[in-house]
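Enquirer: Under full-length UniProt numbering, the first residue of the sequence shown is numbered 1, with each subsequent residue one higher. Glycine included, every Cβ here is placed at the ideal spot set by N, Cα and C.
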Amino acid sequence: MDTPNPNPLPEAPLEGLKVLDLSSLYAGPLIATTLGDFGAEVVKVEHPRGDDARRWGLSKDGVPLWWKVISRNKRLIALDLHRPEDQAKARALCRWADVVIENFRPGRLEGWGLGWERLHALNPRLVMVRVTGFGQTGPRAQQPGFGTLAEAYSGFAFITGQPDGPPTLPPFGLADGVAALAGTYAVMMALYWRDARGGGEGQYIDLSLYEPLFNILGPQAIEYTQTGAVQQRGGNRSRRTSPRNTYLTRDGHWVALSGGTQGVVDRMYRVIGRPELAQDPRYNTAQGRLEHADEIDGWLAEWIGRHDLAEVLARFEAIEAPIAPVNSIAQILQDPHYQARASFVEVPDEDLGRVVMQNVVPRLSLTPGAIRHPGPATPDRDREYVEGIIRQYEEA
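#1: Whose C-alpha, out of Ala256, Ile390, Leu30 and Ala370, is nearest the C-alpha of Leu14?
#2: Beta carbon of Ile319, beta carbon of Arg267: below 7 angstroms?
#3: Helix, strand or coil: which one does DSSP assign to Leu14?
#4: Quick one: is Arg341 buried, meaning 16 or more other Cβ sit within 10 Å of its Cβ, or exposed?
#5: Give the range of the alpha helix (DSSP H) segment to which Phe156 is assigned.
#6: What is the C-beta distance between Pro29 and Asp21, in whole angstroms, given that I count them as a contact (C-beta under 8 angstroms)?
#7: Apart from the five residues just before and just after Leu79, which ones in its own chain have a Cβ nearer than 7 angstroms to its Cβ?
#8: Just verifying my parser: in three-state terms, what is the DSSP assignment at Tyr338?
#9: Could you give the DSSP three-state label for Pro275: helix, strand or coil?
#10: Can you grab the Cα-Cα spacing for the pair Ser71 / Leu126, in whole Å?
#11: Compare the Cα-Cα distances from Val100 to each of Pro144, Glu311, Pro64 and Gly202 and report the closest residue.
#12: Between Glu151 and Gly173, what straight-line distance do the alpha-carbon atoms span, to the nearest angstrom?
#13: Leaving aside the five residues before and after Arg270 along the sequence, list all residues of the same chain whose C-beta is less than 7 angstroms from its C-beta, in chain order.
#14: Would you kindly report the start and end of the unbroken beta strand (DSSP E) that includes Ala196?
#15: Would Asp164 be called buried (16 or more neighbouring beta carbons within 10 Å of its own) or exposed?
#16: Pick helix, strand or coil for Gln262, following the three-state DSSP scheme.
#17: According to DSSP, is Ala186 part of a helix, a strand, or is it coil?
#18: State the Cα-Cα distance for the pair Pro139 and Ala175, rounded to the nearest angstrom.
#19: So, are the CB atoms of Tyr393 and Ala92 less than 7 angstroms apart?
#20: Per DSSP, what are the beta-bridge partners of Ala78 in this structure?
#21: Measuring straight from C-alpha to C-alpha, what distance separates Gly235 and Trp254?
#22: Which residues bound the beta strand (DSSP E) around Glu320?
#23: Rounded to a whole number of angstroms, what is the C-alpha to C-alpha distance between Leu65 and Ser59?
#24: How many whole angstroms separate the CB atoms of Ile323 and Ser242, which I take to be in contact at a CB cut-off of 8 angstroms?
#25: Phe344 by DSSP, collapsed to three states: which one?
#26: So Asn236 is in the beta strand (DSSP E); what residue range does that whole segment cover?
#27: Kindly indicate which three-state DSSP category Gly111 falls into: helix, strand or coil?
#28: Between the Cα of Arg315 and those of Asn327, Ser328 and Leu300, spot the shortest distance and give me the residue it belongs to.
#29: Buried or exposed for Pro376, please, with buried defined as at least 16 other CB atoms from any protein chain shown within 10 angstroms of its CB.
#30: Helix, strand or coil for Pro64 per DSSP?
#31: Among Glu41, Leu17 and Leu25, whose alpha-carbon lies nearest the alpha-carbon of Tyr385?
#32: Cα-Cα, which of Gly147, Val264 and Thr184 is closest to Pro170?
#33: Using the Cβ count rule (16 or more neighbours within 10 Å means buried), how would you classify Leu109?
#34: I need the DSSP call for Gly288, collapsed to helix, strand or coil.
#35: Name the DSSP beta bridge partners of Trp254, please?
#36: Mapping DSSP to helix, strand and coil, what is Phe228?
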């Protein structure tokens with residue numbers, strides 16, 4: 001694979017920002033990863049037995065692969081926070097840091113002398129991200145929380161799946177990923193207020209896994225309280241527009257399309273040889289299309305099923321009728337658009353030679369991010385460097 005790494009880069013926008021990552025699996029570490037991608041210096045604390053993320057997912061030659069991604073651009077040190085001497089080292093790192101990220105149950109860090117009140121007193125400018133399943137307050141605050149529970153509790157699973165099937169959970173860490181994005185922009189807002197707005201001090205961020213996911217699930221809350229409507233599972237269809245579904249091509253590939261506007265749908269009618277539908281009141285309004293979704297889906301499925309993927313895409317694209325292949329990762333890595341934009345990138349790795357991973361997002365025109373190195377293999381690789389920081393900031 002010959003995909004050039006667009007890094008090295010010009011100036012990093014977060015250069016000089018210092019981040020201490022005390023978290024594990026996955027939302028907290030992904031916040032630190034994003035900050036590190038854009039130039040922050042990230043120190044990752046692992047338990048001496050190794051972070052739990054090292055044991056999740058596939059490995060090659062004993063090297064955990066997902067770890068290479070989520071721990072890229074981080075310096076590692078192993079500390080056992082049950083031990084008073086390691087708690088003191090962690091406090092020194094908190095004095096050094098601008099941002100601390102943790103995801104222990106509420107009260108756990110307080111028991112180790114690493115709670116917000118103490119750390120804020122040691123370092124008034126500190127921003128602390130506290131990631132939990134259900135938040136720092138409320139009757140569920142002390143319950144263990146993982147992304148799977150958040151995906152259920154948020155309402156996501158209730159509306160996902162086929163109408164006659166069970167609630168469906170995503171096959172990846174959706175709640176963790178969404179929470180990580182929310183946590184990253186929360187950190188930047190807290191830093192902006194501290195520095196650019198002259199607030200002068202840090203604050204803590206109470207980030208649950210379920211709330212960011214709940215917040216992107218659309219207008220369910222206002223619709224239910226105003227009309228009593230409870231959104232149900234609808235498969236790949238939409239409650240607001242038709243057609244919207246996936247369709248199988250003659251050569252065994254799936255494509256997805258969505259008729260967001262009548263103009264778009266009229267062009268789809270032309271592709272499948274049914275232009276007269278654009279003049280039929282049953283099929284030329286949003287409400288009419290929803291009421292006749294079965295018929296529209298049937299015509300699209302029948303036409304697409306008689307053509308191979310390449311022809312389906314070409315015919316739709318020729319008249320700007322939106323469509324996309326349902327890509328597997330094997331297709332993604334061969335896709336010319338992904339390649340042209342370097343959406344994934346091949347980088348050198350000290351353990352595996354070279355590895356491919358998702359590139360840095362979002363894209364900044366003047367100060368884009370960089371993958372300086374994948375996640376290191378050993379928890380204590382950077383101990384000497386981090387111990388130097390600790391000696392500078394340790395308590396008297």
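Expert: Quick answer:
#1: Locating residue 14 in the sequence shown gives position 14, counting from the first residue. Nearest option by C-alpha distance: Ala370.
#2: Walking along the sequence shown from the start, residue 319 turns up at place 319. Walking along the sequence shown from the start, residue 267 turns up at place 267. It is a contact, given that the beta carbons lie within the stated cut-off.
#3: In the sequence shown, counting from the first residue as 1, residue 14 sits at position 14. Three-state DSSP puts Leu14 in coil, outside helix and strand.
#4: The residue labelled residue 341 in the question sits at position 341 within the sequence shown. So Arg341 ends up on the exposed side.
#5: Looking up residue 156 in the sequence shown gives position 156. Per DSSP, Phe156 belongs to no alpha helix (DSSP H) and is neither H nor E.
#6: Within the sequence shown, numbered from 1, the residue matching residue 29 stands at position 29. Within the sequence shown, numbered from 1, the residue matching residue 21 stands at position 21. Indeed, because the Cβ distance is near 6 angstroms, the residues count as touching under 8 angstroms.
#7: Taking the first residue of the sequence shown as 1, we reach residue 79 at position 79. Within the same chain, Leu79 has close Cβ partners Val45, Asp86, Lys89 and Ala90.
#8: Mapped onto the sequence shown, residue 338 falls at position 338. Three-state result, Tyr338: helix.
#9: To locate residue 275, count along the sequence shown from 1; it is residue 275. Helix.
#10: Residue mapping note: residue 71 aligns to position 71 of the sequence shown, counting from 1. Residue mapping note: residue 126 aligns to position 126 of the sequence shown, counting from 1. Straight-line Cα distance between these residues: approximately 22 angstroms.
#11: Here the question's residue 100 lines up with position 100 in the sequence shown. Considering only alpha carbons, the answer is Gly202.
#12: Here the question's residue 151 lines up with position 151 in the sequence shown. Here the question's residue 173 lines up with position 173 in the sequence shown. Using only the alpha carbons, I get a separation of about 9 angstroms.
#13: Position 270 of the sequence shown holds residue 270. If we look at Arg270 and ignore the five residues flanking it on each side, its Cβ neighbours are Ile319.
#14: What you label residue 196 is simply residue 196 of the sequence shown in a count that begins at 1. Counting along the chain, Ala196 falls outside any beta strand (DSSP E), and DSSP gives it neither H nor E.
#15: Stepping through the sequence shown from its first residue, residue 164 is reached at position 164. Per the 10 Å Cβ criterion, exposed.
#16: Taking the first residue of the sequence shown as position 1, residue 262 is located at position 262. It is helical.
#17: Start at 1 with the first residue of the sequence shown, and residue 186 comes out as number 186. Of the three classes helix, strand and coil, the one that applies to Ala186 here is helix, per DSSP.
#18: Numbered from its first residue, the sequence shown carries residue 139 at position 139. Numbered from its first residue, the sequence shown carries residue 175 at position 175. Using only the alpha carbons, I get a separation of about 20 angstroms.
#19: Within the sequence shown, residue 393 is the residue found at index 393, counting from 1. Within the sequence shown, residue 92 is the residue found at index 92, counting from 1. Against a cut-off of 7 angstroms, the Cβ pair of Ala92 and Tyr393 comes out as a contact.
#20: Looking up residue 78 in the sequence shown gives position 78. Ala78 pairs with Glu46.
#21: By one-based count along the sequence shown, residue 235 stands at place 235. By one-based count along the sequence shown, residue 254 stands at place 254. Each residue's Cα considered, the two are about 15 angstroms apart.
#22: Counting from 1 along the sequence shown, the entry for residue 320 is found at position 320. No beta strand (DSSP E) holds Glu320; DSSP gives it neither H nor E.
#23: Walking along the sequence shown from the start, residue 65 turns up at place 65. Walking along the sequence shown from the start, residue 59 turns up at place 59. Straight-line Cα distance between these residues: approximately 5 angstroms.
#24: In the sequence shown, counting from the first residue as 1, residue 323 sits at position 323. In the sequence shown, counting from the first residue as 1, residue 242 sits at position 242. Ile323 to Ser242, Cβ: 15 angstroms. No contact.
#25: On the sequence shown, residue 344 is found 344 positions in, with the first residue counted as 1. Looking at Phe344 - three-state DSSP - the assignment turns out to be strand.
#26: Here residue 236 refers to the residue found at position 236 when the sequence shown is read from its first residue. Neither: Asn236 is in no beta strand (DSSP E) and is coded neither H nor E.
#27: In the sequence shown, residue 111 corresponds to position 111, counting from 1. Gly111: helix per DSSP, three-state reduction.
#28: As a first step, residue 315 must be located in the sequence shown, where it is residue number 315. Closest option to Arg315, Cα to Cα, is Leu300.
#29: Within the sequence shown, numbered from 1, the residue matching residue 376 stands at position 376. Looking at its Cβ environment, which holds 16 or more other Cβ atoms inside 10 Å, Pro376 is buried.
#30: The count along the sequence shown starts at 1 and reaches residue 64 at position 64. Pro64: strand per DSSP, three-state reduction.
#31: Numbered from its first residue, the sequence shown carries residue 385 at position 385. Nearest C-alpha to Tyr385: Glu41.
#32: Within the sequence shown, residue 170 is the residue found at index 170, counting from 1. Residue Gly147 is the option with its Cα nearest to Pro170.
#33: One-based indexing of the sequence shown puts residue 109 at position 109. Leu109 comes out buried.
#34: Walking along the sequence shown from the start, residue 288 turns up at place 288. Looking at Gly288 - three-state DSSP - the assignment turns out to be helix.
#35: Translated into positions along the sequence shown, residue 254 becomes position 254. Answer by DSSP bridge pairing, in chain order: Leu248.
#36: In the sequence shown, counting from the first residue as 1, residue 228 sits at position 228. Looking at the sequence provided, one finds Gly at residue 228 rather than Phe. Reduced to three states, the DSSP call for Gly228 is coil.
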